[in-house]
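See below for the structure under consideration.
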Amino acid sequence: MAVPDTNTFSLQDVVDEINPTTDDLQDCINDANSASYDPTYYTAPATSLLEFRNYGAVTLTTFHLTVNTPKSTFACYGTANNVAYHNGGANTIAAVGDTVYSNSTGTTTYPAGTYGQTFYSGGYVGSRIVVNSSGVVTAYYLC
Amino acid sequence: MKIIDTDLKDYSGSEFNVYKDSEGITFIKFSNGQWIDNRDMYASVFLGKCDSCTGFFKDSFKDFTYDSVLVAGLGFGLIPHELSEVNKCSKIDVVEISQEVIDYNIYSGHLNPIINIIKGDIFTYTTTEKYDLIIIDTIWEKEEMTEEQYQLLVSKFYNTNLNEGGALYVPVLHKWLIK
Chain A
1 MAVPDTNTFS
11 LQDVVDEINP
21 TTDDLQDCIN
31 DANSASYDPT
41 YYTAPATSLL
51 EFRNYGAVTL
61 TTFHLTVNTP
71 KSTFACYGTA
81 NNVAYHNGGA
91 NTIAAVGDTV
101 YSNSTGTTTY
111 PAGTYGQTFY
121 SGGYVGSRIV
131 VNSSGVVTAY
141 YLC
Chain B
144 MKIIDTDLKD
154 YSGSEFNVYK
164 DSEGITFIKF
174 SNGQWIDNRD
184 MYASVFLGKC
194 DSCTGFFKDS
204 FKDFTYDSVL
214 VAGLGFGLIP
224 HELSEVNKCS
234 KIDVVEISQE
244 VIDYNIYSGH
254 LNPIINIIKG
264 DIFTYTTTEK
274 YDLIIIDTIW
284 EKEEMTEEQY
294 QLLVSKFYNT
304 NLNEGGALYV
314 PVLHKWLIK
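Here's what the structure looks like:
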């Protein structure tokens, strides 16, 4: 069960969710899956207990990316048939601040680059995103 | 169209490296981090040919015909390659600022000999030649060229080097100026 979506949860709630080696905050941070944080309350890397609010409740959303493009112009004209996952909740595509993953379990972040994105494979690319080396979307542009 | 990857020789130099990734796609990566890979889409987008090219690129080339072209910026020559192998242009001049890039393309030997490569800086290069199309492909992102620099290119080339009905074209800036 996820950590409660309130600001009154305890370290034990986090321990119950993560089951770390030792039951302290640092070990929870060490063992946490970055895809399971709620981006509303979390900024990488986690440094406080409150960043675990709603941890575990977030599910990844499947969407599709073009290949990494050398000039951002090209991102809007590629074919988006590479599967990716973001933690942006109900949004069909990624937005600034979301983390992008290359696997559905959220253990591997997507490589840095500039990509066109769409919510179905091979679909119309309506926007492009810039992903940094941590897999976080740092910029979003309409095509 | 892309260049056949096996025709592109690997290279390690001071300004850039040329290498293949795990899928055999060739990359040229410059020391400043800028790069380009050998894919069909790049020349086709910039020359308004791709199926998904709606808007600026498609509209610019609609009903536009050209045979003589000046290209600024070489890389490993995706645009000149398209112009020679697909468009069959009769005159393709390329101005490239980097001697190392020029030397690599000669060493690799993948480009059609009809492509005439000239060492120069497009902002100072002068010629009396006339072209149907002048493509400025020296930048990766629009922030790399100021409006003043663009106007300098217009003042240099528009009257002197464009045929009537020709176009000065900066694809990254979405600038298309017909004479």
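Chains as they are written, first to last, in our numbering: chain A, 1 to 143; chain B, 144 to 322.
The beta-carbon is built from N, C-alpha and C at its ideal position, and this holds for glycine as well.
- Among the residues of chain B, none has a CB under 8 Å from the CB of P4(A); the nearest is roughly 44 Å distant.
- With contacts defined as CB atoms closer than 7 Å, W283(B) and S203(B) fail to qualify as a contacting pair.
- In this chain, K205(B) is not harboured by any alpha helix (DSSP H), its DSSP state being neither H nor E.
- Taking 7 Å as the cut-off, the beta carbon of T99(A) is found closer than this to the beta carbon of N87(A).
- In chain order, T73 make up the part of chain A whose C-beta sits under 8 Å from the C-beta of P314(B).
- When Cβ pairs closer than 8 Å are counted between the two stretches, the region 4-17 of chain A is seen to touch the region 45-55 of chain A, the count reaching three or more.
- In chain order, Y85, H86, N87, G88, G89, A90, N91 and T92 place their CB closer than 8 Å to the CB of T61(A), counting only its own chain and leaving out the 5 sequence neighbours on each side.
- Listed along chain A is no residue with a C-beta nearer than 9 Å to that of V214(B); the closest approach is about 15 Å.
- In the three-state scheme derived from DSSP, where H, G and I count as helix and E and B as strand, S10(A) is classed as coil.
- In this structure, the alpha-carbon of I147(B) lies about 15 Å from that of G218(B).
- Separation of the CB atoms of T108(A) and Y101(A) is rounded to 6 Å, and the pair is thereby assigned contact status at 8 Å.
- Taken through DSSP and simplified to helix, strand or coil, Y124(A) comes out as coil.
- For V313(B), there is no enclosing alpha helix (DSSP H); the enclosing beta strand (DSSP E) has its first and last residue at L305 to V313.
- Separation of C193(B) and L226(B) (C-alpha to C-alpha, rounded to the nearest whole angstrom) is 15 Å.
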